[in-house]
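In the numbering used here, the protein residues as written are 27 to 395.
For each residue, glycine too, the CB sits at the ideal point set by N, CA and C.
This report concerns only the one structure given below.
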Ligand SMILES: [Zn+2]
């Protein structure tokens with residue numbers, strides 16, 4: 027009787043032991059499979075989209091947050107990267123002038139000389155510009171160079187409002203200003219010269235000045251270009267490319283722009299349609315900035331590296347896109363004469379007005395020691 031009882035007890039113990047082992051084995055398999063799936067980022071085929079939610083083990087080890095808060099925490103790591111516009115934009119802007127050509131080192135002869143020769147026998151400059159050199163060692167120059175800002179070079183039409191008038195300079199005044207520069211030891215340089223002087227310490231002439239013309243109005247070709255040619259001066263012209271594409275009558279044509287570029291004048295980007303570039307999406311900024319840069323490159327034979335903010339409006343996102351696209355710098359409508367590497371996307375200018383007299387002009391451009 028006692029023997030049989032012991033045998034039954036042993037059988038019972040073995041049964042429970044066996045059951046325990048089975049349970050342990052099953053639990054171990056489940057955990058191992060989970061671990062494998064987690065390690066491989068495995069999602070079962072045919073799983074519904076909800077299965078892309080991170081597994082519970084990735085949730086923060088804090089008390090259960092409100093549903094919306096928890097979702098935000100979950101979603102952060104699985105947000106997919108920005109789509110195609112970013113990828114397209116991180117490619118260097120294509121240079122339509124000389125595909126496949128090796129990028130030369132930055133030397134002075136890359137910059138065309140001012141328009142000292144007739145415009146018709148000069149082919150467009152096909153030389154691609156290199157990326158902006160980084161500053162020499164750990165610092166760069168801060169240089170005082172007046173960058174003059176013009177818009178219209180014409181007598182304002184009858185009935186012009188105060189804004190239109192203020193944006194205009196009488197061609198007679200403009201000629202007197204250019205004559206003063208030519209006769210008083212000034213040399214017109216361009217923004218490339220300024221960048222290379224700041225970053226590479228490329229020497230500048232004794233009295234450098236930069237002439238900029240915003241918007242690409244027709245009267246620039248009619249009234250400013252001949253005077254610049256006459257005195258051998260170089261200007262930088264900020265073009266709104268879609269206005270030219272559309273053939274708007276108050277703006278230059280591509281033929282005029284190409285002729286001026288071939289004569290050594292600089293053509294740079296002023297966006298496609300002149301919008302306010304603050305608080306815009308990345309895609310929109312790429313479209314406006316890269317779009318105008320590529321259109322200009324197709325016409326002038328080099329990839330322009332400078333930008334002029336439409337209406338002087340920009341924000342950090344605008345500057346970030348200019349950096350992304352390898353722009354060398356940008357000009358604002360704020361006043362000032364000092365420029366350096368750190369503020370290269372916010373270079374200041376001096377506004378030329380209808381009321382700017384020749385003595386005013388001289389005060390603006392003459393370096394006062
Ligand atoms: Zn403008």
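Can you find the residues in the same chain that come closer than 8 Å, C-beta to C-beta, to residue 276, ignoring five residues on each side of it along the sequence? 243, 244
Who are the near neighbours of residue 178 in its chain, counting only those whose CB is closer than 6 Å to its CB and skipping five residues on each side? Correct list, in chain order: 193, 194, 243, 245.
Taking only runs of the beta strand (DSSP E) that begin and end inside the segment 194–255, which ones reach a length of at least 3 residues, in chain order? 212–214, 233–241
Let me make sure I understand the geometry here. Which of 385, 311, 280, 285 has the alpha-carbon closest to that of residue 346? 311
Own chain residues within Cβ distance below 6 Å of residue 292, not counting five before or after: 216, 262
Quick one: is residue 249 buried, meaning 16 or more other Cβ sit within 10 Å of its Cβ, or exposed? buried
Can you confirm whether the segment 225–234 touches the segment 297–314 when touching is taken to mean that 3 or more C-beta pairs between the two stretches lie within less than 8 Å? Contact fails: fewer than three Cβ-Cβ distances are below 8 Å.
In terms of residues, what are the limits of the beta strand (DSSP E) holding residue 263? 261–265
Taking 7 Å as the cut-off, does the CB of residue 296 come closer than this to any heavy atom belonging to ligand 1? yes
Indicate the three-state DSSP secondary structure (helix, strand or coil) for residue 357 in the structure shown. strand
Residues bridged to residue 16 by DSSP? There is simply no residue 16 to check, as the chain begins at 27 and stops at 395 in what is shown.
So is the beta-carbon of residue 337 under 7 Å away from any non-hydrogen atom of ligand 1? yes
Backbone CA spacing between residue 203 and residue 387 [nearest angstrom]: 7 Å
Pull the bridge partners of residue 175 from the DSSP assignment, please. Among the bridge pairs identified by DSSP, residue 175 is matched with 238, 377.
To the nearest angstrom, how far is the alpha carbon of residue 343 from that of residue 306? 8 Å
Compute the minimum distance between the beta carbon of residue 302 and the heavy atoms of ligand 1, and state whether it is under 7 Å. no
Is it buried or exposed for residue 361, if we count other Cβ within 10 angstroms and need 16 for buried? exposed
Cβ shell of residue 375 (< 6 Å), same chain only, five flanking positions each side left out: 173, 175, 357
Let me know the secondary structure DSSP gives residue 59 once reduced to three states. With a pLDDT of 37 at residue 59, under the threshold of 50, the modelled position of this residue cannot be trusted, and the question is left open.
Beta-carbon proximity check, residue 351 vs residue 314, cutoff 8 Å: no
For ligand 1, is there any heavy atom lying closer than 7 Å to the beta carbon of residue 241? yes
Classify residue 280 as helix, strand or coil using the three-state DSSP reduction. helix
Can you tell me whether residue 370 is buried or exposed? The criterion is at least 16 other CB atoms within 10 Å of its CB, across all chains shown. buried
What is the C-beta distance between residue 170 and residue 354, in whole angstroms, given that I count them as a contact (C-beta under 8 Å)? No, residue 170 and residue 354 are not in contact; Cβ-Cβ is about 19 Å, not under 8 Å.
Classification of residue 166 by the beta-carbon crowding that lies within 10 angstroms, buried from 16 upward: buried
Own chain, CB closer than 6 Å to residue 359, minus 5 neighbours either side, in chain order: 338
Give the secondary structure of residue 365 by DSSP, where H, G and I count as helix, E and B as strand, and everything else as coil. strand
Kindly indicate which three-state DSSP category residue 394 falls into: helix, strand or coil? Residue 394 carries a coil assignment under DSSP once its states are collapsed to helix, strand and coil.
Quick check: the Cα distance between residue 267 and residue 389, rounded to an integer number of angstroms? 34 Å
Would you tell me roughly how many angstroms separate the C-alpha atoms of residue 256 and residue 308, rounded to the nearest one? So the two alpha carbons sit approximately 43 Å from each other.
Judging by CA-CA distance, which residue of 186, 392, 284, 274 is the nearest neighbour of residue 328? A check of alpha carbon separations from residue 328 across 186, 392, 284, 274 identifies 284 as the nearest.
Roughly how many whole angstroms lie between the Cα atoms of residue 348 and residue 260? Going from the Cα of residue 348 to the Cα of residue 260 covers about 24 Å.
To which residues of the same chain is residue 382 closer than 6 Å at the C-beta, ignoring the five residues directly before and after it? none
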